[in-house]
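Participant:
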Amino acid sequence: MGNRCADVIVIGGGIIGNAAAYYLAKRGCSVIVLEKSDHLGDGGSSRNGGGVRQSGRDKRELPLAMYGIKNLWPTLSEELETDVEYCQDGNLRLGKTEEHMKILSGLAENAQSCGLDVRMISGEEVRDICPYLSDEVIGASWCPTDGHANPMLATLGFYKKARELGVRFITGEEVTAIRKIRGKARQVITKENVYEGENIILAAGLKSREIADTVGVDIPMQPALLECLVTEAEPEMFGQMLGTAEADFYGHQTKHGSFVFGGSSNFEGFNKDNGTPVNSSITASCICRGIMKYFPSLSDAKIVRTWAGWMDLCADKVPVISKMEEVPGLILACGFSGHGFGIAPAVGEQLSEMVVDGSTALDLTALRYDRFQAKI
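1 is the number of the first residue of the sequence shown in full-length UniProt numbering; add one for each residue after it.
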């Protein structure tokens, strides 16, 4: 069983698992990453809006976002020797009504209380930053240090560097269970093999709930369907990451020139998909109508493709990143609720500290699993 043993077994080959594997290997750990798909990053890691943002986040995960943007993202392309297309031109969260402005003001105040430079600006100031916005926009929250990056390139960048450091990636290996030995999580069972490690990091997105259940752990998260679309390449227009008060759409213009936008229509639950994450003409057209109200100049942009995928929506919409006192040896990193890409480098680094040092430089207490336990 020697070639199936390592210091750490990582379940999940998305950006969280790949980043954790890289930082662990950088600190001298032997690591095996198991991915059920034949392709790494086959879930939300390669299918998201690419936001690297601090604004609009829950205060509990904001320290991860702020740390990553200050310390990791600026030099990530050089470190991974892959251009992750990181762009730090700010984030506009747009409002068209007074109710929108109240929502944005509340989010801005929360972020300001944590020391983030985010402020409310008028419609005129919004159009000074991005002149392509319509007159319907009456204001926005503005965070100049936010930005965006390419999800696929970042995910594969971590994979490539981790492999160079000796991490073994095994695709097409679906995990069915975790097995405890003498009370400690020790083995990872797949349909074909058994892997063994001193620590097990569960970073398998929505599948994490089913796997954790095999050792009596229930992570309160549910599937939520999100859709994205990509336009053909357009002339360079703006570099900001965009969002709205009601999160009806979000996205950015890529280095290539195409626009990547995501969103929802609230009709996803009515799709006749039999549980398969399929895109819908209802949602795509709904997203496009919303975008055109904000950006009339994009009305004639042609859609190249659309896709859909399940998001691991946690009960309180922030991730679970913690050791398990009930199951020593098991570390959870899941339930990212659509916010995982931007904080992935920071999460990966903190997970490596959790394994090697037994603690983390950032205070992740508010993201512990036991926050869901009944208080007596």
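C-beta: ideal position from N, C-alpha, C; glycine also.
1. Can you find the residues in the same chain that come closer than 7 Å, C-beta to C-beta, to Asp89, ignoring five residues on each side of it along the sequence?
2. Just to check my reading of the structure: Gly243 and Arg127 have Cβ atoms closer than 8 Å, yes? What is that Cβ distance to the nearest angstrom?
3. Express the C-alpha separation of Pro345 and Leu72 in angstroms, rounding to a whole number.
4. Please classify Ser359: is it buried, with 16 or more other beta-carbons within 10 angstroms of its beta-carbon, or exposed?
5. Is the CB-CB distance between Gly257 and Ala233 below 8 Å?
6. Can you name the residues that DSSP bridges to Glu78?
7. State the DSSP-derived secondary structure class of Phe169, mapped to helix, strand or coil.
8. Does the beta-carbon distance from Leu62 to Cys114 come in below 8 Å?
9. Would you say the segment 136-146 touches the segment 99-106, given that touching needs at least three Cβ pairs under 8 Å?
10. To the nearest angstrom, how far is it from the Cα of Ser77 to the Cα of Lys160?
11. Among Gly216, Asp312, Gly14, Gly41, whose alpha-carbon lies nearest the alpha-carbon of Glu325?
12. Is the beta carbon of Val320 less than 8 Å from the beta carbon of Ile200?
13. With burial defined as no fewer than 16 other Cβ atoms inside 10 Å of the residue's Cβ, what is the status of Glu136: buried or exposed?
14. Since Ala19 is in the alpha helix (DSSP H), which residue starts that stretch and which ends it?
15. If we ignore side chains and look at the alpha-carbon of each, how far apart do Ala212 and Ser37 end up?
16. Just to confirm before moving on: does the CB-CB distance between Leu313 and Met221 stay below 8 Å?
17. State the Cα-Cα distance for the pair Arg182 and Val188, rounded to the nearest angstrom.
18. Starting from Met221, follow the alpha helix (DSSP H) in both directions and report where the run begins and ends.
19. Buried or exposed for Tyr86, please, with buried defined as at least 16 other CB atoms from any protein chain shown within 10 angstroms of its CB.
20. For my contact list, Gly17 and Ala203 are in at a C-beta cut-off of 8 Å; report their separation, rounded to the angstrom.
21. When the Cα atoms are used, what is the spatial distance from Val175 to Ser45?
Facilitator: According to the structure data:
1. The residue given as residue 89 occupies position 89 in the sequence shown. Gly147, Gly239, Gln240, listed in sequence order.
2. The residue labelled residue 243 in the question sits at position 243 within the sequence shown. The residue labelled residue 127 in the question sits at position 127 within the sequence shown. Incorrect: roughly 17 Å between the Cβ atoms, too far for contact.
3. Within the sequence shown, numbered from 1, the residue matching residue 72 stands at position 72. Within the sequence shown, numbered from 1, the residue matching residue 345 stands at position 345. If I take the Cα positions, the gap works out to 7 Å.
4. Stepping through the sequence shown from its first residue, residue 359 is reached at position 359. It counts as exposed.
5. The count along the sequence shown starts at 1 and reaches residue 257 at position 257. The count along the sequence shown starts at 1 and reaches residue 233 at position 233. Yes, they are a contact pair.
6. Taking the sequence shown and counting its residues from 1, one reaches residue 78 at position 78. Paired residue(s): none; Glu78 is not in a bridge.
7. For the purposes of this step, residue 169 is taken as residue 169 along the sequence shown, with counting starting at 1. Strand.
8. For the purposes of this step, residue 62 is taken as the residue at position 62 of the sequence shown. For the purposes of this step, residue 114 is taken as the residue at position 114 of the sequence shown. Yes.
9. yes
10. Looking up residue 77 in the sequence shown gives position 77. Looking up residue 160 in the sequence shown gives position 160. Approximately 12 Å, taken between the alpha carbons.
11. Stepping through the sequence shown from its first residue, residue 325 is reached at position 325. Ranking Gly216, Asp312, Gly14, Gly41 by Cα distance to Glu325 puts Gly216 first.
12. Within the sequence shown, the letter at position 320 stands for residue 320. Within the sequence shown, the letter at position 200 stands for residue 200. Not in contact: Val320 and Ile200 (Cβ atoms no closer than 8 Å).
13. If you number the sequence shown from 1, residue 136 lands on position 136. Label assigned to Glu136: exposed.
14. Numbered from 1 along the sequence shown, position 19 holds the residue referred to as residue 19. Segment 15-26, the alpha helix (DSSP H) holding Ala19.
15. Within the sequence shown, residue 212 is the residue found at index 212, counting from 1. Within the sequence shown, residue 37 is the residue found at index 37, counting from 1. If I take the Cα positions, the gap works out to 19 Å.
16. Indexing the sequence shown from 1 puts residue 313 at position 313. Indexing the sequence shown from 1 puts residue 221 at position 221. For Leu313 and Met221, yes; Cβs fall inside 8 Å.
17. Stepping through the sequence shown from its first residue, residue 182 is reached at position 182. Stepping through the sequence shown from its first residue, residue 188 is reached at position 188. Distance between the alpha carbons of Arg182 and Val188 is about 15 Å.
18. Your numbering for residue 221 matches position 221 in the sequence shown. Run containing Met221: none in the alpha helix (DSSP H); it sits in the beta strand (DSSP E), 221-231.
19. As a working note, residue 86 is residue 86 in the sequence shown. Label assigned to Tyr86: buried.
20. The residue labelled residue 17 in the question sits at position 17 within the sequence shown. The residue labelled residue 203 in the question sits at position 203 within the sequence shown. Rounded, the Cβ-Cβ distance is 4 Å, consistent with contact.
21. Translated into positions along the sequence shown, residue 175 becomes position 175. Translated into positions along the sequence shown, residue 45 becomes position 45. Computed Cα separation, rounded: 19 Å.
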